[in-house]
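Reading through the C-alpha cells given below for one structure.
There are 2 protein chains.
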Amino acid sequence: MKKPAQSHDHDHAAEPLADLTSRLRQKSQRVTAPRQAILALLREHRHPMTNKEIHAALAKGDCDLATLYRSMHLLEGMGMVKRFDFGDGAARFELVTGDAHAHHHHLVCTCCADIVEIDDCFAAELEARVAAAHGFKTVTHKLEFFGVCPDCQQAGHSHDKAKRSRRKPCGC
Amino acid sequence: MKKPAQSHDHDHAAEPLADLTSRLRQKSQRVTAPRQAILALLREHRHPMTNKEIHAALAKGDCDLATLYRSMHLLEGMGMVKRFDFGDGAARFELVTGDAHAHHHHLVCTCCADIVEIDDCFAAELEARVAAAHGFKTVTHKLEFFGVCPDCQQAGHSHDKAKRSRRKPCGC
DNA sequence: CCATTGACTGCAAATCGTTTGCATGAAGCA
DNA sequence: TGCTTCATGCAAACGATTTGCAGTCAATGG
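In order, the protein sequences belong to chains R and X.
If you use our numbering, the first sequence corresponds to residues 273 to 444, in order.
If you use our numbering, the second sequence corresponds to residues 273 to 444, in order.
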C-alpha cells in the first residue's frame, strides 16, 4: 500500500491538504485514499483537468476510473470542485479555492490547448439582465473563449478556428 | 420513395428549401434525399435540435443516424448550421439563416428545457477585449445561460439550479 | 436517354466518455 | 475490537458519435 498520510512537500500557496480533507469530513463524507489522492493532485494544478488526465497523473492503482468519476460528482456536489466544458466531449475539473477568483472563465488555445484564466467576469451583470428580461430565476451561465495563442500564431500553423475538431480543443 | 420536390406548404418566413439546396449544390455537394429532409426539417424549427430529435422527427427511413451525423458535420463545415452545446452531452444544431440574428445565445430552462433566444450579443466586445489582453487571435466564444423559466417557477418544483443532472438540461 | 464514377447512404461494429451493478474492503463510531 | 455503512475495484452497460464497408445514386459527359 501507499504512504498513509503525506501532508508535506509541494505547497505553493494552496490550501493545505489537511484543510481539504477536513472539509470532506465535516460534510460527513469519508476521507479515503482515492479522495485524498485526487485532492492532492488538484491542489497542484491551476487549470482544469479531464478525468482521464487526473487518472493518468495519479500513481497507478491510486484510484480506479469509476471511483474517480464518482468522486468528482461528490466533490462537485459539495462545491469543492467546479466543472468546465470546453466542448470537446470531456468534462474538466478545477479545485475550488476558498479565496476570491471563485467564478472565472477560460481562454483556450484551439491549437495547443493552452489555457489562460479570465478572472473578471463581465457576464454577471448580463446574467441579471437576461433573467429580468425573460422572467427566469436562479440564472447561471457558461462562457468560454477559444482562439489561437501567441506561440501558435508564430508557429505559422494554418489554423482556422475550430474547424470540426470535436475530440481535442485543437486538431494539431 | 417520397415526393421528389415538395417546395410548397409550411413556409413561415424562412428561406425557401430550394435556396438551401442550391447552396449545397453551389459548394459542389450533392443534393440527396436525406440532406433535403434534414434541411426541410431544420427550416421548421427555430430552436436548436439534437441529432436524436432530428432523427426522430424525420419520417422513418428518411435518414440513417450515421448519415445524419455525417450531414451535420458537412453542413456545419459549410456554415449552413451552427452547433450549440448545452452541456448535457448532446450537440444541438440550428439552421443558419442568412439574415441578421446570425450570432446569438440561448437561455435554457433547467426545469422544462424551454429555450429562449438571446439576440443581442454583448460578448462580442468582450471577445476583442480578451483577445487583446492575452495576444490571442481569431477569438470566438461559447456562452449559454441556464435558469428556471416563469412557468416552472409557478409549478412549485423545488429546483436548485442544475444539481448534478448531466443528461438533460432538466432533471424533472 | 444511358453509361460512368465518385460521392453518399445504410448497416453494423467500433470508440469514447461516463455510469452502474455487485461483491469485497475499510472509515468512523460504539 | 467489532459493526454498520459507505466507498472501492472490476466489469459490464450506456448514450453519443464515429468509422469500415459494400451497395446506391446524383451529377456529368456522351
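Beta carbons: idealized from backbone N, C-alpha and C, even for Gly.
This one's a predicted model, so the numbers in the text were calculated from it and none came from an experiment.
Strand pairing of residue i, partner residues [DSSP]
{"i": "Thr412 of chain R", "result": "X:Phe418"}
{"i": "His378 of chain X", "result": "X:Glu389, X:Glu416"}
{"i": "Phe356 of chain R", "result": "R:Arg364"}
{"i": "Thr322 of chain R", "result": "R:Arg364"}
Whole-Å CB distance - residue i paired with residue j, under 8 angstroms assumed
{"i": "Glu348 of chain R", "j": "His377 of chain R", "result": "Wrong, their Cβ atoms sit about 18 angstroms apart, outside the cutoff."}
{"i": "His327 of chain R", "j": "Leu340 of chain R", "result": "6 angstroms"}
{"i": "Leu337 of chain X", "j": "Asn323 of chain X", "result": "7 angstroms"}
{"i": "Phe408 of chain R", "j": "Cys421 of chain X", "result": "6 angstroms"}
{"i": "Leu311 of chain X", "j": "Leu289 of chain X", "result": "6 angstroms"}
{"i": "His413 of chain X", "j": "Ala400 of chain X", "result": "Between Ala400 of chain X and His413 of chain X the Cβ distance is about 11 angstroms, and since that is not below 8 angstroms, they are no contact."}
{"i": "Asp357 of chain X", "j": "Asp357 of chain R", "result": "7 angstroms"}
{"i": "Arg364 of chain X", "j": "Met321 of chain X", "result": "6 angstroms"}
N- and C-terminal bounds of the beta strand (DSSP E) containing residue i
{"i": "Ala385 of chain R", "result": "Looking at the DSSP string, Ala385 of chain R is not in any beta strand (DSSP E), and its letter there is neither H nor E."}
Residue range of the alpha helix (DSSP H) that includes residue i
{"i": "Arg307 of chain X", "result": "305-316"}
{"i": "Asp291 of chain X", "result": "289-298"}
{"i": "Gly349 of chain X", "result": "337-350"}
{"i": "Arg401 of chain R", "result": "395-406"}
CB contact flag (residue i, residue j, <8 angstroms)
{"i": "Val411 of chain R", "j": "Gly419 of chain X", "result": "yes"}
{"i": "Lys299 of chain R", "j": "Met344 of chain R", "result": "no"}
{"i": "Ile390 of chain R", "j": "Val380 of chain R", "result": "no"}
{"i": "Asp291 of chain R", "j": "Ala309 of chain R", "result": "no"}
{"i": "Met352 of chain R", "j": "Arg295 of chain R", "result": "yes"}
{"i": "Glu287 of chain R", "j": "Gly370 of chain R", "result": "yes"}
Residue i CB to nearest heavy atom of the ligand SAH below 7 angstroms
{"i": "Ala404 of chain R", "result": "In the structure on display, the ligand SAH does not appear, and there are no ligands present to speak of."}
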